[in-house]
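Order-wise, the sequence lines are chains A and B. Using UniProt numbering, the letters of the first sequence correspond one by one to residues 1 to 476. Using UniProt numbering, the letters of the second sequence correspond one by one to residues 1 to 301. Just so it is clear, CB atoms sit at the ideal spot from N, CA and C, and this is done for glycine as well. Accompanying notes for the structure given below.
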Amino acid sequence: MSSDQDHLKETDTEARFEFKKEQKAAFAAEKGLNEETIRVISEDKDEPEWMLERRLRALKQFQKMPMPTDWPGQPDLSEVDVDEIVPYIRPDVEVRGGVDDWRDLPDDIKDTFDKLGIPEAEKNALSGVGAQYESEVVYQNMQERWEEKGVVFMNMDQAVQEHEDIVKEYFMTKCVPPSDNKFAALHGAIWSGGSFVYVPEDTTVDMPVQAYFRMNSEGMGQFEHTLIVAEKGSEVHYIEGCSAPKYSAFNLHSGGVEVFVGEDAHVQYSTVQNWSKNTYNLNTKRAIVEKNGRMEWISGSMGSKATMLYPASILKGRGASDNHITIAFAGEGQNIDTGAKVYHNAPETKSTIESKSISKDGGRTNYRGLVHIANGAKNSSTSVECDALMFDNESTSDTMPYMEINESTVDVAHEATVGKIGDEDVFYLQSRGLDDDDAKQMIVSGFIEPITEELPIEYAVELNRLVELEMEGSLG
Amino acid sequence: MATLEIKNLHARVAEDDGEQILRGVDLEVKSGEIHALMGPNGSGKSTTSKIIAGHPAYEVTEGEILLHLEDDDFGDLDIPDDVRTWNLLELEPNERAALGIFLGFQYPAEIEGVTMTNFLRTALNAKIDEREELLFGEDEEAEEEEAGYDTSPMEGNVDDGEVGVAEFQKLLKEKMELLDMDEKFMQRYLNAGFSGGEKKQNEVLQAAILEPSIAVLDEIDSGLDIDRLQDVSKGINALRDEQGTGILQITHYQRILEYVEPDHVHIMLDGKVVKSGDASLASDLEDKGYDWVREEVYEAA
Chain A
1 MSSDQDHLKE TDTEARFEFK KEQKAAFAAE KGLNEETIRV ISEDKDEPEW
51 MLERRLRALK QFQKMPMPTD WPGQPDLSEV DVDEIVPYIR PDVEVRGGVD
101 DWRDLPDDIK DTFDKLGIPE AEKNALSGVG AQYESEVVYQ NMQERWEEKG
151 VVFMNMDQAV QEHEDIVKEY FMTKCVPPSD NKFAALHGAI WSGGSFVYVP
201 EDTTVDMPVQ AYFRMNSEGM GQFEHTLIVA EKGSEVHYIE GCSAPKYSAF
251 NLHSGGVEVF VGEDAHVQYS TVQNWSKNTY NLNTKRAIVE KNGRMEWISG
301 SMGSKATMLY PASILKGRGA SDNHITIAFA GEGQNIDTGA KVYHNAPETK
351 STIESKSISK DGGRTNYRGL VHIANGAKNS STSVECDALM FDNESTSDTM
401 PYMEINESTV DVAHEATVGK IGDEDVFYLQ SRGLDDDDAK QMIVSGFIEP
451 ITEELPIEYA VELNRLVELE MEGSLG
Chain B
1 MATLEIKNLH ARVAEDDGEQ ILRGVDLEVK SGEIHALMGP NGSGKSTTSK
51 IIAGHPAYEV TEGEILLHLE DDDFGDLDIP DDVRTWNLLE LEPNERAALG
101 IFLGFQYPAE IEGVTMTNFL RTALNAKIDE REELLFGEDE EAEEEEAGYD
151 TSPMEGNVDD GEVGVAEFQK LLKEKMELLD MDEKFMQRYL NAGFSGGEKK
201 QNEVLQAAIL EPSIAVLDEI DSGLDIDRLQ DVSKGINALR DEQGTGILQI
251 THYQRILEYV EPDHVHIMLD GKVVKSGDAS LASDLEDKGY DWVREEVYEA
301 A
């Protein structure tokens, strides 16, 4: 252990993300997916019958639905073979359901998170951190003063037990049904862990609620579910960070996020993801926004072999609004297909989408967006802005902003820019003493600044450092 | 004291069949001196300035650019004898900057998302690091690796000798007061949305922070009203008077030279310096234009 500690001090940032632990699993479901696997997972979690039934229905959906293959320019998913995935691993530690004191965690798990800087975030007095290791949440903390107000932040598995009525009402029923897409169905069948956040009426949680997910074993899937219910007039900022070290077999991450923004409520959902370059990152994230509610999606997508992710907001009530800020970074062999979807289903709804992408060394980024304005959504407005920055002539970036406008009294704006990193800009910075790499890095960190300024400082620093590593090409 | 020596410089645009622009430029600028480089459009003034700084768009076909360093150039540093003279053409732009070359741009880049404070402190530290590496061969990266990162992302990597945030703020405040610049500038993004005058002032501010031995200022007077011209001129004089910077002032017009009085004036025509003299040469140009120089040169030839 002590030599391990010494090693830890000397490692640089790269190693912080790359290293992997020899972790003995207490229980791993068999590879592949069938009814038996689902029953085993559900039983292991001691779930109520209705949840098992939902899982089994989702499994049937999954088996019925075809893989998406015909989207223009979509990432190649032919390598995604669900039969090769271990859908569920429970770490071999007595921490099921989470411990609430960091010191109670086993050393090897603490080490993992230590390297990722998570305890620091915690030490800096943030309101709460839930950390998921493999399929289970192992650490969860929420300040008492929020608990007293009735705010709930806990592991999703635990929420099924302790807040069964809320979960039963909202879990994959109204927001992301398993029938939505093949990977939502997969998620519905084998989901495990994740976060449950409940904010009662007129309650403002003025510190971010944070969760961290990590996928540590080779060839596994991670299918955490996040359910956020913000009642009328409440406010909460939820942040998740994700990472996975590099392994030779492919990994699959297929998370599900459901957000319910009540009347006059405000939810900000921020995520910084850094998956290993063999991960397929196929998620479904959606919010339903009631009258005058406000939803904000902030996301930084780094890493992964392929990402398909389009956070969506359904603006259901009059005056509801949505704000999307996304950033994608694709290096060699990566295809980051991301964007946003907004459905304006009521009058006076408003959305803004700001998407930024960076590609280098032959990487490919797509912006795929959909703005739908329903007939009757009078006086609604939307503004979409996509900026792509490319390092070289081998990299590509496509913008596919679909707009379906079925109402005439609306305000629609779309703007897209694509640019190569300017030689004159680089030269200007070089003439001031920055070397070529640092100059480019400074331009990129300026480019993503709209995202970093929205994040708490720890995440902003982390995001900048991830970009730095990507630019050096040293991140696995 | 440092001396920039340009000898018989020939250069062309760095692409297939690129146009030959410089045809034998000779110039020598010492720290503490002010030189004006004048000439009509297309005579090669800007190209000369960019080549001094190492712009990749040009290819030098003949001649050299040397920088001679004196021992007192960098204050407390004792510069080893064997590295007193540098061939700039062999160095990267940032290495030239580290050795004390500064280029003030006519059209500086606008970099969104990067605050002035962040940019200037990063540039200053990069310059100090690079200078030590060039002069003393210290490998900064190896040092960093040894020091490693603290586990906290907040604390960052261990690095002594950096100009810290507080120290830098103080330096910046001093320099901005010197140039009558508003402190609000510092939280703005580098040149983004700056007026023409603000950009020029910003170029001078950067020179004041980076303290070069030789500053080449490319048409820093263009597009300025009279008040702003006086502000910028005051800044340029301060560079010379307070830091001993040598100035190569590129300009079309005599106007700025009323405020920044040159010790030497050079006239460029068709890629060559064809005539040099004292400040009175600039007044002659004002009166008679460039034609008489052209006539004089080509009659002699």
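Confirm, please, whether the CB-CB distance from residue j to residue i is below 9 Å.
i                : j                : result
Ala287 (chain A) : Glu332 (chain A) : no
Met302 (chain A) : Asp337 (chain A) : no
Gln243 (chain B) : Val260 (chain B) : no
Asn87 (chain B)  : Glu64 (chain B)  : yes
Val163 (chain B) : Leu124 (chain B) : yes
Leu190 (chain B) : Met116 (chain B) : yes
Asp395 (chain A) : Ser359 (chain A) : As written in the sequence, residue 395 (chain A) is Ser, which differs from the Asp given in the question. Yes, the pair counts as a contact, with Cβ atoms nearer than the cut-off.
Ala320 (chain A) : Val289 (chain A) : yes
Ser234 (chain A) : Pro200 (chain A) : yes
Thr352 (chain A) : Thr382 (chain A) : yes
Arg271 (chain A) : Leu252 (chain A) : Going by the sequence as given, residue 271 (chain A) is Thr instead of Arg. Not a contact, by the Cβ cut-off of 9 Å.
Three-state secondary structure (DSSP) at residue i?
i                : result
His253 (chain A) : strand
His163 (chain A) : coil
Asn125 (chain B) : helix
Glu231 (chain A) : coil
Met207 (chain A) : coil
Ile448 (chain A) : coil
Glu296 (chain A) : strand
Arg12 (chain B)  : strand
Ser195 (chain A) : strand
Ile432 (chain A) : Residue identity differs from the one stated: residue 432 (chain A) is Arg in this sequence, not Ile. It is coil, neither helix nor strand.
Gly246 (chain B) : strand
Leu277 (chain A) : In the sequence on display, residue 277 (chain A) carries Lys and not Leu. Coil.
Val129 (chain A) : Because Val129 (chain A) sits at a pLDDT of 48, beneath the cut-off of 50, its placement in the model cannot be relied upon, and the following sentence gives the value as read from the coordinates. If DSSP states are grouped into helix, strand and coil, Val129 (chain A) belongs with the strands.
His55 (chain B)  : coil
Lys193 (chain B) : Reading off the sequence shown, one finds Gly at residue 193 (chain B), where the question assumed Lys. Coil, per DSSP.
Leu315 (chain A) : strand
Val80 (chain A)  : coil
Please classify residue i as buried or exposed, where buried requires at least 16 neighbouring CB atoms within 10 angstroms.
i                : result
Gly187 (chain B) : In the sequence on display, residue 187 (chain B) carries Gln and not Gly. Under this definition Gln187 (chain B) is an exposed residue.
Arg131 (chain B) : buried
Ile226 (chain B) : exposed
Gly193 (chain A) : buried
Val267 (chain A) : buried
Ile325 (chain A) : buried
Glu155 (chain B) : Summary for Glu155 (chain B): the model assigns pLDDT 37, below 50, so the residue's position carries little reliability, and this model does not support an answer.
Asp46 (chain A)  : exposed
Arg145 (chain A) : exposed
Thr409 (chain A) : exposed
Glu470 (chain A) : buried
Gly193 (chain B) : exposed
Ser42 (chain A)  : buried
Report yes or no: is there a C-beta of chain B within less than 9 Å of the C-beta of residue i?
i                     : result
Ser431 (chain A)      : yes
Asp423 (chain A)      : yes
Leu434 (chain A)      : yes
Glu449 (chain A)      : yes
Met156 (chain A)      : no
Ser445 (chain A)      : yes
Ala287 (chain A)      : no
residue 493 (chain A) : As shown, chain A starts at 1 and ends at 476. That puts residue 493 (chain A) outside it, with no answer to give.
Could you tell me whether any Cβ in chain A is nearer than 9 Å to the Cβ of residue i?
i                : result
Thr122 (chain B) : yes
Lys45 (chain B)  : no
Val114 (chain B) : yes
Gly130 (chain B) : The residue asked about is misnamed: residue 130 (chain B) is Glu in this sequence, not Gly. Glu130 (chain B) counts as touching chain A.
Glu92 (chain B)  : yes
Gly54 (chain B)  : yes
Pro108 (chain B) : yes
Ile111 (chain B) : yes
Ala215 (chain B) : no
Ala208 (chain B) : no
In chain D, what lies closer than 9 Å to residue i by C-beta?
i                : result
Asp438 (chain A) : Within the model displayed, chain D is absent; protein chains A and B are what it includes.
Stretch pair the segment 37-56 of chain B + the segment 172-179 of chain B: three plus CB contacts closer than 8 Å: no
Segment contact, 8 Å Cβ cut-off, at least three pairs: the segment 45-61 of chain B with the segment 88-98 of chain B: yes
At least three beta-carbon pairs within less than 8 Å, the segment 71-86 of chain B to the segment 419-438 of chain A: no
Validate contact between the segment 102-115 of chain B and the segment 442-451 of chain A using beta carbons, cut 8 Å, 3 pairs: yes
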